[in-house]
Every structure is written in C-alpha cells, then in structure tokens.
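Numbering (our numbering), first residue to last: 1229 to 2034.
Have a look at the structure below, then the notes.
Spelled out as structure tokens, the structure:
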C-alpha cells in the first residue's frame, strides 16, 4: 500500500514538475527562513545562560532618586551592597563583584593595551562560570598583585610558555603575578574581560572604601539567591531595611534616596540599557528579538498558506483522477489518506532541503549577524519542542484542508467537465491570499520605517564634527607622574608642526564614549540641588573649537591669558536647568561645586550628543583637562591619512615610550552604537523580502486558480469580440481588489507596531502617510506583474481549444 501511494506521488510530480517545484520552493524558503531567525533569536536569548546557576543569579541595579524623581539608573552598584545582602538576608547565598579597569599589560618588550580588565572578588570565576584551567581557582585572586589571564591573552603575552608564576607589569609600574588562566569569555556573555586583577589590590590602592563605600557606584555586583526567591519581594525587603538602618548618614534622604534592584542574569543582554552597561555595540534589543520572532512565525504561516493555495489549485488538475477513482470504487477515506501521505512527503522533502540550505548559508549568516549560530542553539535552548509543534503540527493542519477538498469532488460533475465552473473553496483561498498580502504590506512598510529610522540616526547632526578624526588612547605608562604634563606639551608642540594635521585636542572622553566620571554637584547658595549627580568631561582649550561646538555665552578656556582657568569649568545648555539658570548669560562667572571643589563657570556651550542620538542629551560639566590622562585626538587632511599616521607613531613612541600605539577613527567609533539597530534592520529587511516572495507565490496560485475557473468565460467573451485590454482588466481586477483590501488592513497593524518600536528612540522619525501610499503602489505593481503572465496565457489561448469540450 505504501509503495503504491509513493508511486502515485512521484507520478504526480513527474506530470506536474513546474507546479511541484513552486510548491516545494515556497515551503523550503519559509522553513529555512524560520529556522535561521529562530537560531538568531535563540542566540540572543542564550546570553549568560551558560552559567550553571543562571536562573538564581542576579545583578544589582543601583538607582538614585532626587526629590522623588529617578535621576540615575546604573548597572554598577556600590561595593557595600553585596555583603549587606548576604550578611542580613538568608535568601542571598553569596555575592561577587568586579570593578572595570583600562590598563597596559607588559611582558618584556611586548606591551598590549587592554580596555576590558576587571578587579574582581576572589570567587568571581567560581560563582560565575569562568573556569580556571591552569592554577587554583580558590586561591588565584586572594592575594594583592595577583592576576588571572584569559587563554587568548595568555597566549599573546607568553606564547607557548606556561604563564602561571610569571610576572606581568601593569601600566609600566606594578608587577602582578599570574596565578591562573581561565577560559576565554563566551561570545554570549554580557561580561567581557581579557584579564582579572585581584580585588585585594584595589583595596590596597583605594583603601577600605573599595569594600565598604555606599557612595562609590562603579562595581558590577552579582548575587546568588536561594532557588524560588521572588526578586520583587526581596527588593522591597532590602530597600526597606536599607532606609531603616540609614546606612549612609551623609545623605539627606529628603534630597536623595538610594534603591537597589535585582536584575535576572538572563535578562541583562536584551532588556537592560542602564548607565555603565555593556558596550553599546554589544547590547541587545528585546523588542527587536520579539519582532523577529513574530516575523519567523509569519513567514512559516505564509509558507503554509501558500502551500494550501497551491495544493487546492493543483486539485483542479486532479479532479478527473479523483472522479475516475471514485467511479472505480475508491472510498473517500482512502483518497484522504493518499493526499495526506503526499502532503507529508512534500513537507518532509521541504524540511530536509531547508535544513541543507540553512547549513549551507550559516557561515554567511554568522558574518551577516555577528552571532555564533548553529543547530545546537535550538537543541540546547528548548526550541526543539516548539520546532516539533510548529513543523509537525503545522504540516498536519495544512495537509488536512487540501486532502478533504481533493477527496470531496463529485465524480459526475468532474467527469462532465463542469467542475471548473464551481466556486467551491474560492472564498477560503481569497481570505488566505488577503492575509498573505496584509502581512507582506505590513512588512514592506516596517522595512521602510526601520531603514528611515536608521538613516535618521546616522545622518542626524550630533552637534560635533567627527569627520577625519583619529583618536589615540590615553598614555598610561610613565617613568613618573611629574613627566606627564611636560610630555603632553612637548608632544603637542611637535604635532602642530605637521602640516597634514589640521587640529589637535585632548579629552578624558570622546563623543560616542560613555562617561564614568561623576560627582555630586550643585550651584553655590542653592542647597536644593546639593549632591545631585553631574557627569564630567575633562577637556583642553582646543576641544571646543576642534569639534566646532558653538559657545552660547562666555568664552572657551584660555590658560595663557587666564591661569585660573585651570580650576574653572564650562557647562552645556542642558546643565542650565540642572543648576537652575534661566539663560546662558546668567551662568557666567557663577560658582558651582564639583564634589567639594569650587569651579567658576567661564562658558556655556551648545548641547551635543556625547552618546547615541537614541538617548537624551545629559547635563555636562567640563573642567580643564590639565593633570588628567586623556585621549589624544587629531584631525588629518583626507588626502594625507596614510602618510601622517607613521609620523604620529614616531612621535608617540618618542614621548610616550612603553605605551602601545593604538588608534581608531572617531566616526566609526561613534557609529558602532547603531550596529545592533543596523543589524536588526538588515536582518528584518532580508526576511521581509523572503516573506514577500512567498506571498507572490500565493498570488500566483490564486491567479492560476481564478484563470482555470474563468477560462470558458474568457473564451466565450473572445468569441463575442472582447478586446485584449478589456479581458486583462476583467481577469486582473479581482486580484487587485484583494491586494487593496490587504493594504487597508496593514495600515493600523503597521502604525501600532512601529509606534511601539520607535518609542525606544529619543530622536525618532514621524510615521508619514506617504509611506503607506508607497507600499500600496509597490504591492499593486507586484500583483500586476505577478498575475500578468498567467493572465496573458489564459487570454491568448484559442477559444476553440477551451470550448470544444463543452
């Protein structure tokens, strides 16, 4: 019986090669696209799940309130909070913490700048799953001036030598003993580091504050909770205890209030976008992942709908076969089993081909998305259960409808040749095609809007000129701190002699970099603003003209003319409200406090985007950079870039020996903040295109179905003298009207969905009606071009070939 059914299936394929190819192609594309998207989604959701106890691991979020309003929401907490939780609450089993650090690691003549080093608590590698593979995990980070290197960093510094027991010089003056080597940090970790310095070293440098402070919030703190702990209930209990105990008596609780919240470890990558968070190009977007998941489901549904439509259309060609088999005694349940069997075989072939295609395109897709993809992600994350439900359940459901339609033909009607005039099932087909094109129209509109928003962000005037700007990291290695200022002055004098360099400046931060330097700040005589957090950027007198930032009032720094400018400050426009000034002129020569340091405001500059235009502009205080380690920033003539970099390098090595020459371009650095959004737009666009292609196949099915039904009507009209253009309008207007209806239905769906997504952006586009008009034109063109071939084929047929069987 099985072999007979299989034989009939392959006979049908042989007789309908092109139709079978179209049918299977739609399924293969839909299944492959769905698998690829689910892999990407599984990867994004796999962040930090490699920790064995990730379900009970939480990061502590630190919030600061001012007069009841949330002022700071930070991913880094204070060093005292972890011990306070563990010592006072049985739900908290253990904690660890890390303090980020930038430094230069030197072994012999080899120096490597590292931006991802952590001072970490001794249990950092054991409470979190970063196994030490060489050395003793329990003691590796106990003593001061000990360190653990990641495998790749150990390889860079020591080659094939055993690094354990060796010495690494940090910032040219501190000798650290390598006591362990841990695995390289997995790609799907929000914590990124290449080396770990013992926390005891930081305590020796900074004193007990590194362990007990309640006001120094630069410490990423992770807490292991009892299984089953309700984090919201724990947050309430801990913060109530904190305020009752008045942990920090220096803080006036009516002015400022602290709050600590537990963030689930597995939610950080997608749903946490706080201050001092991961690098901007590493942060995920939970809403984008949810939207892509929806696209995956829609693509699969479109593929199934397309399959149903094509199967029902194919049924018209098999109507006589069914009629003859019924006349010969075949029962309906036998025919249903035959058609379900054929559909299952088709789905199995499509699924097998989809897996082969996914395997083939994975290298390209990995490069395209920057994600470490593989089928293991689907198997390890529990997606395999959903895949079984989707593919087996969906395939079964899509098989039943065509099977019942095909097996229900009346043998008397079909053998008389009258079935083509029946409109049985056409309503269902039209509903399915309308659904397909509604989804397609919505996806086209969403793709246009995503592209527009990305262009809006990347082309927005951020308030600073970052073209042709080369940046060098601040030098960290010096024979003595007293040489720092002299080296800067001598280096700058040499740089100004180079004609290819049109500008030079120094700053503790550059546009596109998150600011970590913060102090409590307030206006002299205004106690209401006391201790409110202000972020600071140290700059020299060249910084403002270099970046072409307008001065609204007052002046720029001028140390030669005004030596007291070394203790003065410039503020941005956003800081006027912060300090309570009505206009820029009012702020000039006023005194503000940076912590306990008095600074006179000498200038007010226009706002600019220090961080991404996705975020609001923050109030900033700019002290003079003198005495601080800072980035060295150059503007170079575009035609002289390649010849100028070696000259800068020679001067760098002369004045900053022992400091690696590591440069980058500021425009690329700034745009990295959009990399995840750009990546989402590209992925969304590709799969939206595939969904549209599948919808086109569905329209082909509807056109073929309609033409079969109306072939005799067209033949009669031609006999009576109907012209070609009239016949084309007659046949195509039905398809066009369903596409029009689909566009109308797509408008509210797109508007609501994209408005929700655009709320993530401080600087965003406005959804314009012309976008939907453009989508309408595009979908109509797709419909016209798609149906034209089949329509012309039907209209151009000889009426005699159709009517002679009547």
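Every residue, glycine too, gets a C-beta built ideally from N, C-alpha and C.
Nearest-angstrom Cα separation, counted from residue j out to residue i
| i | j | result |
| --- | --- | --- |
| residue 1801 | residue 1993 | 24 angstroms |
| residue 1460 | residue 1290 | 15 angstroms |
| residue 1663 | residue 1585 | 27 angstroms |
| residue 1279 | residue 1357 | 5 angstroms |
| residue 1928 | residue 1493 | 48 angstroms |
| residue 1909 | residue 1419 | 25 angstroms |
| residue 1530 | residue 1521 | 14 angstroms |
| residue 1583 | residue 1857 | 54 angstroms |
| residue 1307 | residue 1445 | 7 angstroms |
| residue 1852 | residue 1762 | 16 angstroms |
| residue 1301 | residue 1705 | 34 angstroms |
| residue 1436 | residue 1430 | 9 angstroms |
| residue 1511 | residue 1362 | 31 angstroms |
| residue 1372 | residue 1259 | 56 angstroms |
| residue 1350 | residue 1311 | 14 angstroms |
| residue 1677 | residue 1688 | 16 angstroms |
| residue 1754 | residue 1527 | 60 angstroms |
| residue 1480 | residue 1490 | Confidence is the limiting factor: at residue 1480 the pLDDT is only 45, short of 50, which leaves the residue's position unreliable, though a coordinate-based value still follows. Each residue's Cα considered, the two are about 24 angstroms apart. |
| residue 2020 | residue 1956 | 7 angstroms |
| residue 1849 | residue 1975 | 46 angstroms |
| residue 1282 | residue 1323 | 13 angstroms |
| residue 1887 | residue 1672 | 51 angstroms |
| residue 1570 | residue 1580 | 15 angstroms |
Residue i, buried or exposed, once every other Cβ within 10 Å from all chains shown has been counted against 16
| i | result |
| --- | --- |
| residue 1404 | buried |
| residue 1734 | buried |
| residue 1658 | buried |
| residue 1171 | No statement about residue 1171 is possible, as the shown extent of the chain runs from 1229 to 2034 and does not include it. |
| residue 1946 | buried |
| residue 1821 | buried |
| residue 1367 | exposed |
| residue 1714 | exposed |
| residue 1959 | buried |
| residue 1276 | buried |
| residue 1249 | exposed |
| residue 1377 | buried |
| residue 1576 | exposed |
| residue 1392 | buried |
| residue 1387 | exposed |
| residue 1912 | buried |
Closest by C-alpha distance to residue i, when choosing among the options
| i | options | result |
| --- | --- | --- |
| residue 1668 | 1282, 1725 and 1972 | 1972 |
| residue 1836 | 1844, 1812 and 1829 | 1844 |
| residue 1786 | 1772, 1777, 1839 and 1780 | 1772 |
| residue 2008 | 1747, 1966, 1511 and 1722 | 1966 |
| residue 1970 | 1861, 2013, 1923 and 1986 | 1923 |
| residue 1269 | 1398, 1502, 1525 and 2019 | 1525 |
| residue 1338 | 1869, 1848, 1885 and 1808 | 1885 |
| residue 1336 | 1401, 1365 and 1310 | 1401 |
| residue 1675 | 1815, 1981 and 1961 | 1981 |
| residue 1390 | 1399, 1407, 1904 and 1398 | 1407 |
| residue 1892 | 1698, 1376 and 1378 | 1698 |
| residue 2036 | 1823, 1806, 1810 and 1829 | The first residue shown for the chain is 1229 and the last is 2034, placing residue 2036 beyond what the model contains. |
| residue 2105 | 1463, 1464 and 1470 | Beyond the ends of the chain as shown, which are 1229 and 2034, falls residue 2105; an answer cannot be given. |
| residue 1369 | 1379, 1381 and 1354 | 1354 |
| residue 1988 | 1425, 1514 and 1863 | 1514 |
| residue 1819 | 1860, 2005, 1749 and 1379 | 1749 |
| residue 2000 | 1298, 1670, 1383 and 1360 | 1670 |
Residue range of the alpha helix (DSSP H) that includes residue i
| i | result |
| --- | --- |
| residue 1880 | 1869-1883 |
| residue 1450 | It is not in any alpha helix (DSSP H) - residue 1450 instead sits in the beta strand (DSSP E) that spans 1448-1453. |
| residue 1496 | 1496-1499 |
| residue 1416 | That residue, residue 1416, is in no alpha helix (DSSP H); it is neither H nor E in DSSP. |
| residue 1329 | Here residue 1329 belongs to no alpha helix (DSSP H); instead the beta strand (DSSP E) covers 1320-1335. |
| residue 1437 | 1437-1440 |
| residue 1428 | 1427-1434 |
Terminal residues of the beta strand (DSSP E) in which residue i lies
| i | result |
| --- | --- |
| residue 1381 | Taken as a continuous stretch (DSSP letters only), residue 1381 belongs to no beta strand (DSSP E), being part of the alpha helix (DSSP H) at 1379-1386. |
| residue 1702 | Segment: none, residue 1702 is in no beta strand (DSSP E) and carries neither H nor E. |
| residue 1310 | Taken as a continuous stretch (DSSP letters only), residue 1310 belongs to no beta strand (DSSP E), being part of the alpha helix (DSSP H) at 1309-1316. |
| residue 1348 | 1338-1348 |
| residue 1301 | 1297-1302 |
| residue 1403 | 1402-1410 |
Unbroken beta strand (DSSP E) runs of length 3 or more, entirely within the region 1757-1803: which are they? 1760-1764, 1779-1782 and 1797-1800
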